[in-house]
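Protein chains in written order, with full-length UniProt numbering: chain S, 1 to 281; chain W, 1 to 291; chain G, 1 to 173.
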Amino acid sequence: MLANITAKLRNCTCTARKYATSALSTTDNSTSTSIEPRTLTFPPKYQEPRQIWLESLDSIDQSKLGLLEIHPSVFAARPRIDVIHQNVSWQKMYRYVSYAHTKSRFEVRGGGRKPWPQKGLGRARHGSIRSPLWRGGGVIHGPKSPTPHFYMLPFYSRLLGLTSALSVKFAQDDLHIVDSLELPTEEKSYVEELVKERLWGPSVLFVDVNDVFPRSITIATDEIKHINIMPAYGLNVYSMMKHDTLVLTRAALDHIESKILEHLHKNDTRAVMAKFKVDQQ
Amino acid sequence: MSNTTEKALSLLRYLPRVCLANIRDNPGAKKKSRRGRAQHGGDYHGAGNKGSNQRQNFMRIGYETGNNPFYLRFPHEPYYKGHHLKRQYPPLSLLDLQKLIDTNRIDTSRPIDLVTILNTGLYKLFPDQHHFGVQLTDEGADIFAAKINLEVQWASEQVIAAVEKAGGVITTAYYDPHSLQAMVNTKSFFERGIPIPRRMMPPPDAIEYYSNPGNRGYLSDPEKISEERLVLAQKYGYTLPKLDSRILEMLNETKDPRQIFYGLHPGWVVNLKDKVILKPLEEELKEFYAL
Amino acid sequence: MALRHKLFQILHPILTNRCTYSIRHFCYKASPFVEDLDKLNTKYEVSKDPEEWKYVERALPLTIIPEPVAKETYPSGWKPQTNEVKNRPYFIERTKNHMIPVYLDISQRGVRRHTLIKRIQGDINLFEKELVKFLQKESFQPIRSQVNEFAGYIRINGDFVNATKYFLEKKNL
Numbered sequence: 001m002l003a004n005i006t007a008k009l010r011n012c013t014c015t016a017r018k019y020a021t022s023a024l025s026t027t028d029n030s031t032s033t034s035i036e037p038r039t040l041t042f043p044p045k046y047q048e049p050r051q052i053w054l055e056s057l058d059s060i061d062q063s064k065l066g067l068l069e070i071h072p073s074v075f076a077a078r079p080r081i082d083v084i085h086q087n088v089s090w091q092k093m094y095r096y097v098s099y100a101h102t103k104s105r106f107e108v109r110g111g112g113r114k115p116w117p118q119k120g121l122g123r124a125r126h127g128s129i130r131s132p133l134w135r136g137g138g139v140i141h142g143p144k145s146p147t148p149h150f151y152m153l154p155f156y157s158r159l160l161g162l163t164s165a166l167s168v169k170f171a172q173d174d175l176h177i178v179d180s181l182e183l184p185t186e187e188k189s190y191v192e193e194l195v196k197e198r199l200w201g202p203s204v205l206f207v208d209v210n211d212v213f214p215r216s217i218t219i220a221t222d223e224i225k226h227i228n229i230m231p232a233y234g235l236n237v238y239s240m241m242k243h244d245t246l247v248l249t250r251a252a253l254d255h256i257e258s259k260i261l262e263h264l265h266k267n268d269t270r271a272v273m274a275k276f277k278v279d280q281q
Numbered sequence: 001m002s003n004t005t006e007k008a009l010s011l012l013r014y015l016p017r018v019c020l021a022n023i024r025d026n027p028g029a030k031k032k033s034r035r036g037r038a039q040h041g042g043d044y045h046g047a048g049n050k051g052s053n054q055r056q057n058f059m060r061i062g063y064e065t066g067n068n069p070f071y072l073r074f075p076h077e078p079y080y081k082g083h084h085l086k087r088q089y090p091p092l093s094l095l096d097l098q099k100l101i102d103t104n105r106i107d108t109s110r111p112i113d114l115v116t117i118l119n120t121g122l123y124k125l126f127p128d129q130h131h132f133g134v135q136l137t138d139e140g141a142d143i144f145a146a147k148i149n150l151e152v153q154w155a156s157e158q159v160i161a162a163v164e165k166a167g168g169v170i171t172t173a174y175y176d177p178h179s180l181q182a183m184v185n186t187k188s189f190f191e192r193g194i195p196i197p198r199r200m201m202p203p204p205d206a207i208e209y210y211s212n213p214g215n216r217g218y219l220s221d222p223e224k225i226s227e228e229r230l231v232l233a234q235k236y237g238y239t240l241p242k243l244d245s246r247i248l249e250m251l252n253e254t255k256d257p258r259q260i261f262y263g264l265h266p267g268w269v270v271n272l273k274d275k276v277i278l279k280p281l282e283e284e285l286k287e288f289y290a291l
Numbered sequence: 001m002a003l004r005h006k007l008f009q010i011l012h013p014i015l016t017n018r019c020t021y022s023i024r025h026f027c028y029k030a031s032p033f034v035e036d037l038d039k040l041n042t043k044y045e046v047s048k049d050p051e052e053w054k055y056v057e058r059a060l061p062l063t064i065i066p067e068p069v070a071k072e073t074y075p076s077g078w079k080p081q082t083n084e085v086k087n088r089p090y091f092i093e094r095t096k097n098h099m100i101p102v103y104l105d106i107s108q109r110g111v112r113r114h115t116l117i118k119r120i121q122g123d124i125n126l127f128e129k130e131l132v133k134f135l136q137k138e139s140f141q142p143i144r145s146q147v148n149e150f151a152g153y154i155r156i157n158g159d160f161v162n163a164t165k166y167f168l169e170k171k172n173l
């Protein structure tokens, strides 16, 4: 089945770049070794580590500082599109409250008295003029305000959603690692030109570890609605899918990778969903 | 050799960008619950015909429309009287224990007690459901080969023989439910900031078990225990191995009958944030916690 | 008049926040302390002894699953997986707990039993052929199996969990 799809896709005329997602076979060590290499915690057993360019935002033109190794369990996990969809739906619905309201027979004004006697008139028997059978009567099983739609997606579904989204971004060349988010100017045109020059797609999400960002990028991206900044603790599947490109700082990469790997190799897996379970062991 | 993950990721390079507009759930994942219409699912909509059921006014479970129902016909017999209050010991087999040791989940260079077994995350205990500790079963008694200092709450003769034949030491000890609540989740217990409680004595029907040297009870005479070790070796036909001198200190490490954790006395308050231990100096408290 | 007004203010439950009925707190943590903590003068000492702290760390659980250590023999029958397994035409990834991912699915009140082998990498169809050939010796009925190449699992009708694990251990997978 897969062979069928790949055969068809090979015939389509899309300009895809030739480098694959797996590690480069040629040991090209001629790039500058001024950047500190990354050591992977939890050495991967079944997949090769992936490599990604470390870039810089100092100039509008593309500037690659060197290669970094990233963990395949986080950035080359199975791209579960259905799990990504579940995460996106959950993010939309868990805080949604429906305020739609219809009046039922006891809420509609009037209808307390029996309209006519039970027997003798030759008419159908009725108890109230607001019963659901009547025009103007109450609605049966209609929406009742406020109705929350809160539910918790299982912890490991949410974790799989994050790894799938990051893998999808990395596989489609929409993930970039940057040494720092300091820009040379506070002009918004600088960011716009940079994004355009590097073909980073119209919408970009910049992620750093802390919630206090450098002044330059904060002011530059303040007025641009489609280029946003976010701390690492706010990283979510919806935002990753909404924005075309994801740009992480090296510190954010370390933070995210270590957190996700910790959860993937956790000892006590029951405790994560314990507080959302009621009356269960 | 590529696997399906690699294939899927390389496929993605030729497909359009994954965004909010082109993702969906797997077919059949969401089943729309709609009211049936027409020939199948329509008409009575699964509620039957007339009566209390179609009118959604169901009778209580077990009600048999008036006659004496089954669940009330027979008088109460005392076969299971008090079963809900009996002490329960969820089992752990010797094979499981050996697997935990082989996969490095349990450190054999330290004494193994209930806290160690619970900390592996693979054995769960619920003290509020009358669980009083771990019971060691004899599945894996023939393959058990680990020199450990083991402390459980109940162990049969075969299990004791298996552990001692391997060159280990086994003890049975009692923990009251209040102490068990502290042991089940030690991190959250320390975070509560309350002093480590002192372990209570076993109830009257358990004192005999824990004072019996044949059961390696923690309240029995240690000399009698060494006698019983010889007796058991003769009974099961193995030569009692000499305890390994390199780990002799570890094998002899025991807890006081009032102690819950190794090395930590009752009455102490552990501060995980500042990494200090607070010890009481009041005479009354010291006397109570027997420090 | 002023006194009456004051008394009224104190005693009226609606005008003041003072409740005339008893307040029951829903749990131990929510209820306030009986006496002020600042007034307590219990004497205590603070100990930073590293030997004692080692015992505290011993009592705390591990956060991450530990890696198995290489030993000569494993009495329980568990064997770690070697790296050369990736060179085989097919292999089975170990779970997070370093165990073999072969499970027994029991449904329909114990009548339906399926053996589920997950996390299969490589030529899954070749693996299925070899496994079914091995398992056929155990059963009179023909072995019914389902292969899902994309998800990487094989589902076999019947309880062949131990037989499958034996087959995998024999092949050092």
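For each residue, glycine too, the CB sits at the ideal point set by N, CA and C.
The structure presented is a predicted model; accordingly, all values stated were derived computationally and were not measured.
Annotation for G:Y28: no residue places its beta carbon closer than 6 Å to its own, counting only its chain and skipping 5 residues before and after.
The straight-line gap separating the alpha-carbon atoms of W:P91 and G:A59 is approximately 22 Å.
S:H265 reaches chain G at I64, I65 and K96, counting residues in chain order whose Cβ is nearer than 8 Å. For G:P80, no chain S residue has a C-beta closer than 8 Å to its own C-beta; the minimum C-beta separation is roughly 11 Å. Note that the C-beta distance between G:K165 and G:I100 is below 8 Å. Here W:A155 carries a strand assignment [DSSP, helix/strand/coil]. The three-state secondary structure of S:S258, taken from DSSP, is helix. Secondary structure note for W:Q259: it is in no alpha helix (DSSP H), with a DSSP letter that is neither H nor E. Within chain W, the residues R17 have their CB atoms less than 8 Å from the CB of S:D174, given in chain order. Shown here is that no member of the segment 177-189 of chain W has a Cβ falling below 8 Å from a Cβ of chain S. C-alpha of W:N252 to C-alpha of S:T41: approximately 38 Å in a straight line. Leaving aside the five residues that flank G:R94 on each side, the residues in its chain whose CB is nearer than 6 Å to its CB run, in chain order, Q81.
Of all alpha-carbon atoms in S:I256, S:K92 and S:H226, the one lying nearest the alpha-carbon of S:V195 is that of S:H226. When secondary structure is reduced to three states using DSSP, W:K279 falls in the strand class. By the rule that beta-carbons nearer than 8 Å mark a contact, W:N271 does not touch chain S.
Residue-level contact by beta carbon holds for S:V168 and chain W, with a gap shorter than 8 Å.
Neighbours of S:E262 across chain G, judged by C-beta separation under 9 Å: T63 and I64. The count of Cβ pairs closer than 8 Å, one atom from the segment 109-127 of chain S and one from the segment 195-205 of chain S, stays below three, leaving the stretches out of contact.
When CB distances to chain W are screened at a threshold of 8 Å, the residues of the segment 63-80 of chain S falling below it are A76, A77, R78 and P79, in chain order.
Between the segment 198-208 of chain S and the segment 171-184 of chain S there are three or more C-beta pairs closer than 8 Å, enough to call the two in contact.
Counting along the chain, no beta strand (DSSP E) covers W:V18, and no H or E run does either.
In this model, W:P75 and W:L85 are separated by some 21 Å (Cα to Cα). Comparing alpha carbon positions, the residue from S:L57, S:Q91 and S:L246 closest to S:A171 is S:L246. According to the DSSP assignment, G:E130 belongs to the alpha helix (DSSP H) that extends over I124 to L135. Boundaries of the alpha helix (DSSP H) harbouring G:P50: P50 to A59, taken from the DSSP string. Listed in chain order, the non-local C-beta contacts of S:P154 below 8 Å within the same chain comprise M273, local neighbours out to five positions each way being set aside. The residue among S:H85, S:W134, S:A165 and S:R123 with its C-alpha nearest the C-alpha of S:I256 is S:A165. In terms of Cβ geometry, S:G142 and S:S98 do not form a close pair [threshold 8 Å]. Inside the segment 63-148 of chain S, DSSP marks whole alpha helix (DSSP H) runs of 4 or more residues at positions 72-75 and 81-93, from first to last along the chain. With respect to the 8 Å criterion, W:Q153 and W:A182 are not classified as neighbours on the basis of their beta carbons. Under the three-pair Cβ rule at 8 Å, the segment 43-54 of chain G counts as touching the segment 268-287 of chain W.
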